[in-house]
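Inspection log for the structure reproduced underneath, given as structure tokens.
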Amino acid sequence: MSTMKDFRRVADEVRNWGRWGSADELGTLNFITADKVAEGASLAKQGKVFPLGVDFGSSGPQGAFKFRQNPVHVMTVDGGDAEALVKYCTDWDINSVGQELSGFFAGEDNPFRFNDDMIIMPLQAATQWDALSHVYYEDKLYNNFPADSVTSLGAKHCGIDKVDGKGITSRGVLLDVVRHRGAELYLEHGQTITPAELDDVAKAQGVTVRRGDVVLVRTGWWARFLTTGAGSEPGAGLDWSCASWLHDHEVAAVASDNLMVEDPISAVEGTFLPMHMLCLRDMGLMLGEYWDLNALAADCAADGIYEFQLIAPPLRVTGAVGSPVNPIAIK
Ligand code: UVW
């Protein structure tokens, strides 16, 4: 078990505050230069597309942890309303310009009908990016911004809306730890992934992790969830020391198919999610969770190509500390 003293030493080593200026809110996304974007795009050679997002619905992985629920999807207009709209819409002031357009929505001689819906959900409910403002400690966010600048109005600094200019698109690299270990479906809890193993997997796959890459680590958690529906199973994740590996490789962002990227049971005595603290607050490195890497992994194993163009733009939710995303890998 590591101590908070070990943690603080690593935090001092990996901290990127000031590296891209005192106003920077992009963190390691700064490693994604124009050349890097072009390098990523050059990897889309075969026209194969892999959507990496999971379903946003009532059968998602949330619920076990009381502060997060699965998405609630509600129809606000559906086929059941069609008759009522025809019958009553001329009496309803259903648009801001009033009667003039109400016949547009429905009418006995007008065939036009429509459906509308809305969704209520935590932004962290399914496939997501953690913004840099998601996790902090000792009253500081990334780049020395005060933690109390995240208020009930949202994140003034390091919100997910701040990274919009980056796309996010780069070279993606899959590190398939499940396949490397010869596991059937997934890694059991306790089988933590170390920095040395990340190097071994990359070497065995014949791929090099370079500056500005988005690294995807497959643990099999999502495949396991699809068979059990157990959203609270910890599964395996990265050991907290992988923060130094990500720092040394100048990775732009990291994502995984599990619920927290890192091992949910902390190996640093007296704290929780130490890698979150190091990545989000000290390094300024975004974390992606609940990414479905199964189809991509099967294809990489088949053709031996573990690099691809990755396109994963978050929603521009003003001041949000995270965002749903539907990432796409293209080979
Ligand atoms: C927490 O559980 C706080 O964070 P995440 O969703 O990033 O795992």
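Under the numbering used here, think of the first position of the sequence shown as 837, with each following residue one higher.
Ideal Cβ positions, reconstructed from N, Cα and C, are used throughout, including at glycine.
Where residue i falls: helix, strand or coil (DSSP)
| i | result |
| --- | --- |
| Arg1007 | strand |
| Asp952 | strand |
| Gln1027 | coil |
| Leu1123 | strand |
| Ser1159 | strand |
| Gly883 | coil |
| Val1051 | strand |
| Gln964 | strand |
| Pro982 | strand |
| Leu1082 | helix |
| Ala843 | In the sequence on display, residue 843 carries Phe and not Ala. Note: Phe843 maps to helix in three-state DSSP. |
| Gln905 | coil |
| Phe867 | helix |
| Asp848 | helix |
| Val910 | strand |
| Leu1114 | helix |
| Val1165 | Reading off the sequence, residue 1165 comes out as Ala, not Val. Residue state, collapsed to three classes: strand. |
| Lys992 | coil |
| Ser878 | helix |
| Asp1036 | helix |
| Gln1041 | helix |
| Gly1106 | coil |
| Phe1061 | helix |
Nearest neighbour of residue i, chosen from the options [CA to CA]
| i | options | result |
| --- | --- | --- |
| Asp1165 | Leu1052, Ser1068, His1112 | In the sequence under discussion, the amino acid at residue 1165 is Ala, which differs from the Asp named in the question. Residue Leu1052 is the option with its Cα nearest to Ala1165. |
| Arg949 | Val913, Trp1076, Asp984, Trp965 | Val913 |
| Ser895 | Lys884, Pro907, Phe901 | Pro907 |
| Gly1001 | Ala870, Ala1137, Arg844 | Ala870 |
| Gly1026 | Trp1057, Gln960, Arg1015, Lys998 | Trp1057 |
| Asp1118 | Ala1038, Gly1140, Ser969, His909 | Ser969 |
| Phe843 | Ser1080, Asn951, Gly876, Ile1101 | Ser1080 |
| Gly893 | Phe886, Leu879, His909 | His909 |
| Asn1130 | Thr1055, His1083, His1112 | Thr1055 |
| Asn946 | Tyr973, Asp953, Ala918 | Ala918 |
| Gly1073 | Leu1023, Val971, Ser858 | Leu1023 |
| Gly915 | Ser858, Asp953, Leu1095, Leu1082 | Asp953 |
| Phe901 | Met1122, Ile1141, Pro1100 | Pro1100 |
| Phe1108 | Pro1031, Leu879, Leu865, Val971 | Val971 |
| Glu1069 | His1083, Gly857, Asp1084, Leu1095 | Leu1095 |
| Gly995 | Gly863, Gly857, Lys1039 | Gly863 |
Supposed contact pair residue j and residue i - C-beta distance, whole angstroms, cut 8 Å
| i | j | result |
| --- | --- | --- |
| Leu989 | Gly1158 | Not quite, the Cβ-Cβ distance comes to about 16 Å (not below 8 Å), so this is no contact. |
| Ile1004 | Ala1089 | 7 Å |
| Arg1007 | Lys872 | 7 Å |
| Ala991 | Ala967 | 7 Å |
| Arg1060 | Gly1067 | Incorrect: roughly 11 Å between the Cβ atoms, too far for contact. |
| Leu1034 | Cys1078 | 7 Å |
Own chain partners of residue i with C-beta closer than 7 Å, once the 5 adjacent residues on each side are dropped
| i | result |
| --- | --- |
| Trp1127 | Leu888, Thr963, Leu1052, Ala1091, Ser1092, Asp1093, Pro1163 |
| Ala1103 | Met837, Ser838, Asp1075, Trp1076 |
| Gly1106 | Met840 |
| Pro1110 | Phe843, Trp1076, Ser1102, Val1104 |
| His993 | Glu861, Ser969, Leu977, Phe981, Ser985 |
| Ala1190 | Beyond the ends of the chain as shown, which are 837 and 1167, falls residue 1190; an answer cannot be given. |
Cβ-based neighbour list, residue i, same chain, cut-off 8 Å, excluding 5 preceding and 5 following
| i | result |
| --- | --- |
| Val1037 | Leu1011, Asp1012, Val1013, His1016 |
| Val1161 | Gly889, Thr963, Gln964, Trp965, Gly1124, Ala1148, Pro1149, Pro1150, Leu1151 |
| Asp891 | Ala962 |
| Gln905 | Gln898, Gly899, Met957, Pro958, Ala961 |
| Ala847 | Met1113, Leu1114, Asp1118 |
| Ala1133 | Leu1010, Asp1012, Val1014, Arg1015, Arg1054 |
Distance, residue j Cα to residue i Cα
| i | j | result |
| --- | --- | --- |
| Asn979 | Val850 | 12 Å |
| Arg845 | Glu861 | 23 Å |
| Cys1136 | Lys1167 | 9 Å |
| Arg855 | Leu1021 | 40 Å |
| Thr1044 | Gly876 | 14 Å |
| Lys881 | Glu1143 | 11 Å |
| Phe886 | Leu1116 | 27 Å |
| Val999 | Gly1120 | 11 Å |
| Asp975 | Ala983 | 5 Å |
| Ile955 | Tyr973 | 32 Å |
| Gln1041 | Leu977 | 36 Å |
| Gly1065 | Ser985 | 37 Å |
| Asn951 | Met911 | 8 Å |
| Val1097 | Thr987 | 26 Å |
| Ala1138 | Val1050 | 21 Å |
| Thr1063 | Ala859 | 45 Å |
| Leu879 | Leu865 | 19 Å |
| His1083 | Pro1031 | 11 Å |
| Ala920 | Gly1140 | 57 Å |
| Ala857 | Met1122 | First, the residue type needs correcting, since residue 857 is Gly and not Ala in the sequence shown. Those two C-alpha atoms are separated by around 18 Å. |
| Phe903 | Lys1039 | 40 Å |
Proximal residues to residue i (C-beta, below 6 Å), its chain only, five neighbours per side dropped
| i | result |
| --- | --- |
| Val997 | This sequence places Asp at residue 997; Val is not what is there. Counting only Cβ-Cβ distances below 6 Å, and skipping sequence neighbours, we find Arg1152, Thr1154. |
| Glu1086 | Phe867, Arg1047 |
| Trp853 | Asn979, Asn980 |
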